[in-house]
Amino acid sequence: MTGRTDRRGFLIGTGLVAGAALGSSPARAHAERDGLTWLAGDHHVHSQYSNDAMYPVATQVERAARHGLSWLTITDHGNVPFAKYSVAPLVADIVAARQKYEDMLVFTGLEWNIPAGEHTTLMLAPGRNEGSLLQEFVTRFDARVNGTRDGTPANEAIAVQALKFLQNAVATGRIADALVLPNHPSRLGINSPAETRTWRDTAPGIVIGMEGAPGHQAAGLPAPGMARGRGLYDSAPGKFSFPGYPAESYRTWGGFDWTTATVGGFWDSLLAEGKPWWITTTSDGHQGCGDWVKNPVDRLDQQGYDDIPYDSEGHTFNNTGRFPDPVNAGRPIVEYSSFPPGAYNKTWVGVTGRGHREVMRAMRAGRMWVCLGDLVAGLDVRLRPRGSRGPGVAMGGTLRACRGDVVEVVVRIDLADRPNFAGLVPKLARVDLIVGAVTGPAADRSVLHAPLTKVARSWDVRERSGTVELVHRITVDGPFYVRVRGTDGKRSAPGHHGAAVDPAGPAIDVVGKSDPWEDLWCYSNPVFAAVRR
């Protein structure tokens, strides 16, 4: 294809990615700064062992590597066929992929239907027991397997039991490590603030944060794309939804979950308690918008196809726990909701060494930042004493200072200098510094609001190039935290709590009319400051 009918021209003209010939995202970066190596990854990717996906494990690993990732987790859906048939062959495929793609760190995982709640990433460290633990866990604790989906107190208690099981498995050495992160937390409104706090407090070293920006971002592409909500966020409250969530929380804001995008909102309410609670972003990779392949029984006009035979012997997903390899669709499928792993959503993790355990340690420590559409190539946020020549305290860490001390927030951003998956070189327009007071444990575990958090400063960086360094000074008068977000500036609106709190935050995404490539954001995780006694 040539001219305005090539991939880039088609994208620019209609907002759609059109075909595998698009090429790849910026190459994998192992950016190093102040003792940390930053690796991009994705903890929420599906394979042919999911009842609504299609790619072999090895194909997903190869696609992730091609689009700039260094680590990923295969998280197929928990359900009865998966529990009955899929675990052993899935783990075998993951082990084989680790051997074939030695530069990729591939994790075994599960998209766990947490009892009484939403989908949740379970991420396991490699080891001889990863398969047996996954088999026992999904059989005993997945809500679609044991019938515990309803938001009842009894089912909430089973979720707590499951988290204690994981905690014990790590403590006893049955598994080297395990992490849990709720996915698309506001999509259905069924993860209440109190439940989330309970999960975190039950196993604080395992339940470490949430998917701050969901996958399925291609779902927002206008027709002939799927023309739904970004992230498939286009639902309404249901029977078990938390009644305190506003209608706006069922939509994304600049592609991010409402709990993340709202300055002074739920995420900030956890940080204001001083709780380590980190955000990530993932592809939720089921298919590939614009790819020329499809599931062999996907008719594109229906939601479910797990009971449709895919061969002459009557095999279905329901009686095998697996789909055969995808087939040529004869055209690019623009109706699919997922971009390939790494093509749009990236979670960057700052490690001190290479390996699966190092990635998990860095995630637990909060050394992470997230980006949509490769808006920036690097983001580093530090707190340091004024005048210090040292590197300062990185994301997830805590700087200790005395009242009256002046500390500096130092933000370093490597601007994008190459085309992203859409063939466009993103341009960062503005950087916002968000500051909040740490006030201690919340008396109301359903609280959604941190009233002492707001945008403290914004920088216009449209005329900058290369690496941008931004510095802001704060006089310490109590414990606080800082976090940073950046935007291409194309869609902004006053935040949920008003312009005095957030004058130009992300705008709500309109169902069917939200081109994800024309509304890009990046977010850091926080750095805390504590007061010496």
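Residues in the sequence shown are numbered from 7 upward in steps of one, following this note's numbering.
Glycine included, each C-beta is placed from N, C-alpha and C at the ideal position.
What do you reckon, are the CB atoms on residue i and residue j nearer than 8 Å?
i      : j      : result
LEU169 : ALA200 : no
LEU238 : ARG193 : yes
GLY137 : VAL97  : yes
VAL413 : VAL490 : no
THR287 : LYS245 : no
GLY195 : TYR251 : yes
ASP263 : HIS362 : no
VAL387 : VAL417 : yes
HIS503 : GLY270 : yes
SER275 : HIS455 : yes
ASP313 : HIS222 : no
VAL477 : VAL399 : no
ASP307 : ILE339 : no
PRO391 : ASP411 : yes
GLY280 : GLY446 : yes
VAL467 : LEU434 : yes
TRP205 : LEU378 : no
HIS292 : ALA505 : no
ALA149 : ASN119 : yes
Tell me which same chain residues have a C-beta within less than 6 Å of the C-beta of residue i, skipping the five on either side of it?
i      : result
THR79  : HIS49, PHE113, GLY115 and MET129
GLY294 : PRO346
SER56  : ASP82 and HIS83
ASN161 : PRO121, ALA122 and THR154
ALA233 : GLY518
ALA368 : VAL355, GLY356 and VAL357
THR258 : ARG236, GLY237, TYR239 and ASP515
Assign residue i to one of three DSSP states: helix, strand, or coil.
i      : result
ASP420 : strand
PHE323 : helix
SER56  : coil
LYS519 : coil
TYR251 : coil
GLU469 : coil
ILE214 : coil
VAL453 : coil
HIS49  : strand
VAL151 : helix
ASN197 : coil
ALA499 : strand
LEU28  : A caution first: LEU28 carries a pLDDT of 44, below 50, which makes its placement in the model too unreliable to give a value.
SER138 : helix
ALA505 : coil
THR493 : strand
PRO391 : strand
VAL477 : strand
TYR529 : strand
VAL431 : coil
For my contact list, residue i and residue j are in at a C-beta cut-off of 8 Å; report their separation, rounded to the angstrom.
i      : j      : result
TRP284 : ILE214 : 6 Å
VAL441 : VAL507 : Not really, about 11 Å apart at Cβ, beyond 8 Å.
TYR342 : ALA428 : Not quite, the Cβ-Cβ distance comes to about 15 Å (not below 8 Å), so this is no contact.
LEU42  : SER76  : Between SER76 and LEU42 the Cβ distance is about 14 Å, and since that is not below 8 Å, they are no contact.
VAL186 : VAL86  : Contact flag wrong, Cβ pair sits at about 22 Å.
PRO121 : THR154 : 4 Å
THR473 : ASP420 : 5 Å
ASP494 : ASN426 : About 11 Å; that fails the 8 Å criterion.
GLY348 : ALA70  : 5 Å
Apart from the five residues on each side of it in sequence, which residues of its chain come closer than 8 Å, Cβ to Cβ, to residue i?
i      : result
ARG497 : GLY260, PRO512, ALA513, GLU524 and ASP525
ARG538 : ARG406, ALA407 and CYS408
ASP521 : GLY21, GLY226, LEU227 and PRO228
ARG479 : ARG392, VAL412, VAL413, GLU414 and VAL415
GLY2   : Past the edges of the chain, shown from 7 to 539, lies residue 2, and the structure says nothing about it.
What residues match up with residue i in a beta bridge as DSSP calls it?
i      : result
HIS83  : GLU117
LYS352 : CYS377
LYS460 : VAL441
PHE556 : Within the shown structure, residues of the chain are numbered from 7 to 539, placing residue 556 beyond reach of any answer.
GLY384 : ASP420
THR287 : ALA219
MET129 : GLY115 and LEU185
ASN334 : VAL299
ILE514 : TRP259
ARG206 : Beta-bridge pairing links ARG206 to no other residue.
TRP77  : GLY47 and LEU111
THR404 : PHE534
Using C-beta distances below 7 Å, list every residue in its chain close to residue i, excluding the 5 sequence neighbours before and after it, in chain order.
i      : result
ALA103 : VAL63, ALA64, VAL67 and VAL112
LEU430 : TRP523
PRO457 : GLY270
VAL333 : VAL299, LYS300 and PRO302
SER452 : SER198, PRO199, ALA200 and GLY250
PRO509 : VAL461 and PRO500
ALA536 : THR404, ARG406 and PRO485
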